Amino acid sequence: MNIFANLSPLDHRYHASDPELWRELSAVLSEEAYIGYQMRVEWALVQALENRNISPKGSAAEVHRACQRITPADVRAEEEITRHNVRALVNCIQREVSEEVRPFIHLTATSVDILDTARALQLRDAVDKVLLPRMEEFLRVLIDLAQKTADVPMVGRTHGQHGVPITFGFAMSEYVSRLGGRIEKIKEAKDNLRGKMAGAVGAYNASSLLFENPQDFEREVLALLGLKPGDHSTQIVEPEYVLDLMHALTSAFGVLANFADDMRHLQRTELSEVGEAFEEGQVGSSTMPHKRNPWNYEHVKSMWKAFMPRMMTVYMDQISEHQRDLTNSASARFVTEIVAALTMAVQRLTKVTKKLAVDKEQMLKNLELNAGLIVAEPLYILLAAHGHPDAHEAVRKLTLEAEKTGRSVVEIAQESPELSPYLAKFTPEQTKIISDPLTYTGQAAAKCKEICAVHLEKITKL
Numbered sequence: 325m326n327i328f329a330n331l332s333p334l335d336h337r338y339h340a341s342d343p344e345l346w347r348e349l350s351a352v353l354s355e356e357a358y359i360g361y362q363m364r365v366e367w368a369l370v371q372a373l374e375n376r377n378i379s380p381k382g383s384a385a386e387v388h389r390a391c392q393r394i395t396p397a398d399v400r401a402e403e404e405i406t407r408h409n410v411r412a413l414v415n416c417i418q419r420e421v422s423e424e425v426r427p428f429i430h431l432t433a434t435s436v437d438i439l440d441t442a443r444a445l446q447l448r449d450a451v452d453k454v455l456l457p458r459m460e461e462f463l464r465v466l467i468d469l470a471q472k473t474a475d476v477p478m479v480g481r482t483h484g485q486h487g488v489p490i491t492f493g494f495a496m497s498e499y500v501s502r503l504g505g506r507i508e509k510i511k512e513a514k515d516n517l518r519g520k521m522a523g524a525v526g527a528y529n530a531s532s533l534l535f536e537n538p539q540d541f542e543r544e545v546l547a548l549l550g551l552k553p554g555d556h557s558t559q560i561v562e563p564e565y566v567l568d569l570m571h572a573l574t575s576a577f578g579v580l581a582n583f584a585d586d587m588r589h590l591q592r593t594e595l596s597e598v599g600e601a602f603e604e605g606q607v608g609s610s611t612m613p614h615k616r617n618p619w620n621y622e623h624v625k626s627m628w629k630a631f632m633p634r635m636m637t638v639y640m641d642q643i644s645e646h647q648r649d650l651t652n653s654a655s656a657r658f659v660t661e662i663v664a665a666l667t668m669a670v671q672r673l674t675k676v677t678k679k680l681a682v683d684k685e686q687m688l689k690n691l692e693l694n695a696g697l698i699v700a701e702p703l704y705i706l707l708a709a710h711g712h713p714d715a716h717e718a719v720r721k722l723t724l725e726a727e728k729t730g731r732s733v734v735e736i737a738q739e740s741p742e743l744s745p746y747l748a749k750f751t752p753e754q755t756k757i758i759s760d761p762l763t764y765t766g767q768a769a770a771k772c773k774e775i776c777a778v779h780l781e782k783i784t785k786l
């Protein structure tokens, strides 16, 4: 099908912008891939039966060969008859194997044994093979950017207002820490995905007819797939395993959106502290040729807005009446798109942040705008430390006068008979901070380097 005839923007707009990534995602997240994972589960079941001398010798190999001949179109055509997707798959496999092997296809299993186990395999591979490598690459990009700018001074901002100085590297190391933490949570949740082979209501009714310890058989089947069984299953695997992964992914998406928003704001005309590199021929506006919009960072925030609310659906899918209902039958199909969208966002941020232009001179200019007021905090702290009974109020009044007169807070303080005795107690180092407030960056650079070193070591081990 022509990609532009598809319904989802993930399949046409973002496929067109990065076809190689789309192909990687399709290989693990498409319906074709999902059916392939279901066939792997059916194969593992027959292999375990063969290992226990229940199905004929060579039956698992026969099932494996049969599954290679079955296409998603075959399964879909059969489903039009059965009105049941897993029974359609089973029928397709049975038609491709010998009569001796046919009875053992799907033996003891219920549909969701296959579906939930296949979903765990699918999500595990998508995170392992496509998402995590890109998240780790982006984390390295952030670490590199933070390390290179660890000592570059800029104004710290709270509530959109100038606070006290930090460094740009310190600002970037916030996202190194947050994203690094999310990567660990994603890996933890991915490694804890579970499957099941416990039958119709999870009580091993069918497998108990064949095995003295059906739970051992379940473990054997899942071990062939590199999975463990859930601690307790009904007809479905406990939903919290997938929910925990989706929460880790969605919270990581939030970190990316926050970073993107910061980079977008720093490109405002009145700030201009960073800049998104433009390619030759790239256009920022259809009518204003001078515009250079931060559209890639805006795109990531926009993607987060589209996919973050889907986490609510994942939480609602946590509820299933008694041993199982089908109220998640449609909604749960969309969880794969959360993985895809997050991966696309990470890929985009990596590309644009590698080329991010940091304007050190503009950062310094913006910092100097309120240099005369920035000194208010260190002055208040030092006055209080040297015994002034109401230092905060005293300095607050100084800032009001400074704003009216345009003079610096320090200059006014030095003329104050009330404050002079306290100023005289300042050490040379404290006096230097007061006289040059742009150096008042605290442990920003050191903390930046510490955070980067910690997460660089962690990502190396990963």
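Note that our numbering has the sequence shown beginning at 325, numbered continuously upward. All C-beta atoms in this analysis are idealised placements derived from N, C-alpha and C, irrespective of residue type, glycine included. Only a predicted model underlies this, so the values are computations on that prediction, with no experimental measurement involved.
Note down the Cα distance separating P380 from W367, rounded to an integer number of angstroms. 13 Å
Contacts around A681, its chain only, beta-carbon distance under 7 Å, and the 5 residues preceding and following it disregarded:
V598, G599, A601
Is the Cβ-Cβ distance between Y358 and A442 less than 8 Å? yes
| query | Residues in its own chain within less than 7 Å of A768 by CB, not counting five upstream and five downstream? | reply | I490, T491, F494
### Task
Could you work out which residue in V566, R393, A665 is closest to S332 when comparing CA atoms only?
A665
Quiz prompt | According to DSSP, residues forming a beta bridge with K520 | solution = K520 pairs with nothing; no bridge assigned.
(Q) Quick test of the definition: if touching needs 3 or more C-beta pairs under 8 Å, does the segment 530-547 touch the segment 573-583? (A) no
- Query: Based on the DSSP output, what are the partners of V682 in its beta bridges?
  - Reply: V598
Excluding the 5 residues flanking Q686 on each side, which residues of the same chain have their C-beta closer than 6 Å to its C-beta? S596, E597
Reduced DSSP secondary structure (H/G/I, E/B, other) of M363:
helix
Taking DSSP as the reference, what is the three-state secondary structure of P563?
coil
- prompt: Based on Cα-Cα distance, which residue from E402, N516, G554, V387 lies nearest to L569?
  reply: N516
- Is it the case that the Cβ atoms of A709 and V733 are separated by a distance below 8 Å? no
Exercise for the section: Classify H336 as helix, strand or coil using the three-state DSSP reduction. Expected result: coil
Per DSSP, H486 forms a beta bridge with which residues?
R481
Outcome for S497 when other beta-carbon atoms lying within 10 angstroms are tallied against a minimum of 16: buried
Original post:
Which residues mark the beginning and the end of the alpha helix (DSSP H) in which R543 is found?
Top reply: 538-547
Check your understanding: Does the ligand NAP have a heavy atom nearer than 7 Å to the CB of E597?
Key -> Absence of the ligand NAP from the depicted structure is noted, as is the absence of any ligand whatsoever, leaving it without description.
For R337 and W346, I'd like the C-alpha separation in whole angstroms.
11 Å
In chain order, what residues of the same chain lie with their CB nearer than 6 Å to the CB of H716, ignoring the 5 residues before and after it? Y704
ask   = Under three-state DSSP, which class holds P745?
value = helix
Query raised in the report: Who are K552's beta bridge partners in DSSP?
Result: R518
Just grab the DSSP bridge partners of V491 for me. Here the sequence assigns Thr to residue 491, which means Val is not the residue at that position. For T491, which the question treats as bridged, DSSP gives the partners P477.
May I ask you to verify whether the segment 500-512 touches the segment 457-470, counting CB pairs closer than 8 Å and requiring at least 3? yes
Checklist line | Nearest to P538 (by Cα), restricted to the options I394, M363, G730, A372 | finding: A372
Within the same chain, show all residues whose beta-carbon is closer than 6 Å to that of N790, passing over the 5 residues directly before and after it, in chain order.
-> Lying outside 325 to 786, the shown extent of the chain, residue 790 is not represented and no answer is given.
Assuming T674 and R458 are in contact, meaning their beta carbons sit under 8 Å apart, how far apart are those beta carbons, in whole angstroms? 7 Å
Helix, strand or coil for N375? Go by DSSP, reduced to three states.
helix
Exercise for the section: Spatial neighbours of I429 within its chain, please: CB distance less than 6 Å, with the 5 preceding and 5 following residues excluded, ordered by chain position. Expected result: V414, I417, Q418
Three or more C-beta pairs under 8 Å: does that hold for the segment 624-637 against the segment 646-662?
yes
(Q) Tell me the rounded alpha-carbon separation between H646 and P553. (A) 20 Å
To the nearest whole angstrom, what separates the beta carbons of Y621 and R588, a pair I think is in contact under 8 Å?
4 Å
Pairing CB atoms from the segment 430-440 with CB atoms from the segment 519-531, are three or more of them under 8 Å?
yes
| Should K684 be labelled buried (16 or more other beta-carbon atoms within 10 Å of its own) or exposed? | exposed
* Limits of the alpha helix (DSSP H) - the one that N620 falls within -> 619-631
Limits of the alpha helix (DSSP H) - the one that V778 falls within = 768-785
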